[in-house]
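The numbering of the sequence shown is my numbering, which starts it at -2 and goes up by one. Okay, structure first, notes after.
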Amino acid sequence: MLDQLDHMLEQAQKALENSRDLAELDEWRVRYFGKKSELTEIFKEIGKLPGDERPLAGKRANEVKTALERAYEERVEVLKGLQRDALLQERFDVTLPGRPIDVGRLHISTQTLRNIYGIFAKMGFQVFEAPEVETELNNFELLNMPPGHPARDMWDTFYTTREGILLRSHTSPGQIRAMRKYCPNPIRVILPGKCYRYEQVSSRSDFMFYQVEGLALGRRITLADLKGSMIEFSRLMFGADREVRFRCSYFPFTEPSVEVDIDCILCGGKGCSVCKQTGWLEILGAGMVHPVVLENGGYDPGTFSGYAFGMGPERIAMLRYRINDIRYFFSNDLRFLRQF
Ligand code: PHE
């Protein structure tokens, strides 16, 4: 019986190698494992063997069975692979050149943000992230605008149903967070992110937009430093021969406050429709950090001073690429986005 088993195993293995497709393989399975197979017969015979021969024969029969099962599984995989390859050759011309993959591109706001990061990185500014959902405290009060302060009207704000929680209307509350994190050390950070305003949407203002805030704090920082950094930024962003102008302005959290203009990139200052005949384009607001704000951030205004600025990258991109409607930025029209 042991010889019979070995002989059968050899035969079955040969037959298995000769099977050429899954149908033949199935025939093989019925033949060698089926109810009427030799193996089934052998198992029946083993029961009738004298007691002392039974264990050895049973052991060998089981070994043969396992070996055949394993060989069968392996052959299934091989034949499946062959079948797949044949199918592929039939359906695809593998010599055809591949289809180009459209990898997409960075959004114009992201590109502009990265330009801004790059310029300020050269001046030693690190990116600092602050949340879009803010407290009224950070967005207004600690920026020197107590409840009821008329300057709060400069920002039309989305309030949430939670008392004291709002969508930040500018990135300036991040100044407080940066100061409280780094106090009492000097600071040089830019704070990019989305801001929200409860405003009539128009070609010039959207209810959501990006801002990049800047904050530099140290022991002897003056308005001259602010001017120098803003001139450097303007020329790197808009061209080396840009004229830069500083106008007096007002923000509750800076004193003095300025607005920064560059000479019109379209007409060079002669006056045109883009600059509304003024020859100048406003690019950002800035100023020396107000002593009250320094104190709220944990710094002693007697020893520390600093400047802050805030700009809108969409507005900057609009000037750079002469885009005449801010609503294009977030309406996801690919005809617009693909141009950058
Ligand atoms: N937060 C101001 C705004 O949104 C801009 C600004 C930032 C002005 C920092 C001065 C200093 O209009």
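Note that beta-carbon positions come from the ideal geometry of N, C-alpha and C, so glycine has one too.
Item	Value
Classification of Tyr304 by the beta-carbon crowding that lies within 10 angstroms, buried from 16 upward	buried
Within 9 Å, strictly: CB atoms of Ile187 and Leu212	yes
Glu126 Cβ short of 8 Å to the ligand PHE heavy atom set	no
Proximity to Tyr325 [Cα-Cα], best of Glu210, Arg216, Met205 and Gly225	Met205
Selected residue, minimal CA-CA separation from Thr275, among Leu84, Gly282, Ile262 and Phe235	Ile262
Cα-Cα separation, Glu292 to Asn141	10 Å
Inter-stretch contact at 8 Å, needing at least 3 Cβ pairs: the stretch 32 to 44 / the stretch 79 to 95	no
Candidates Met(-2), Ile218 and Met285, of which the one nearest Ser246 by Cα	Met285
Heavy atom of the ligand PHE within 8 Å of Met151 beta-carbon	yes
Segment limits, beta strand (DSSP E) that includes Trp277	Trp277 to Val286
Euclidean distance between Cα positions of Ile218 and Thr251	14 Å
Where Gly338 sits in the DSSP three-state scheme	Nothing can be reported for residue 338, as the shown portion of the chain is limited to -2 through 337.
Distance, Arg177 Cα to Gln208 Cα	21 Å
Environment of Leu319 [buried if 16+ CB atoms lie within 10 Å]	This sequence places Arg at residue 319; Leu is not what is there. Result: exposed.
Spatially closest choice to Arg216 from Arg239, Ser106 and Tyr296, by CA coordinates	Tyr296
Run of the alpha helix (DSSP H) containing Ala20, from where it starts to where it stops	Leu19 to Phe30
Start-to-end residues for the alpha helix (DSSP H) that takes in Thr107	Ile105 to Lys119
Chain-order list of residues whose beta-carbon lies under 7 Å from that of Phe419 (same chain, five-residue window excluded)	One cannot answer for residue 419 here, as it falls past the ends of the chain, which runs -2 to 337.
Span separating the alpha-carbon of Pro310 from that of Phe125	16 Å
Helix, strand or coil at Gly307 [DSSP, three-state]	strand
Three-state class that DSSP yields for Ile424 in the structure shown	The structure shown does not extend to residue 424, since the chain is modelled only from -2 to 337, so the question has no answer here.
Which listed residue (Asn321, Met308 and Ser328) has its alpha carbon closest to that of Thr109	Met308
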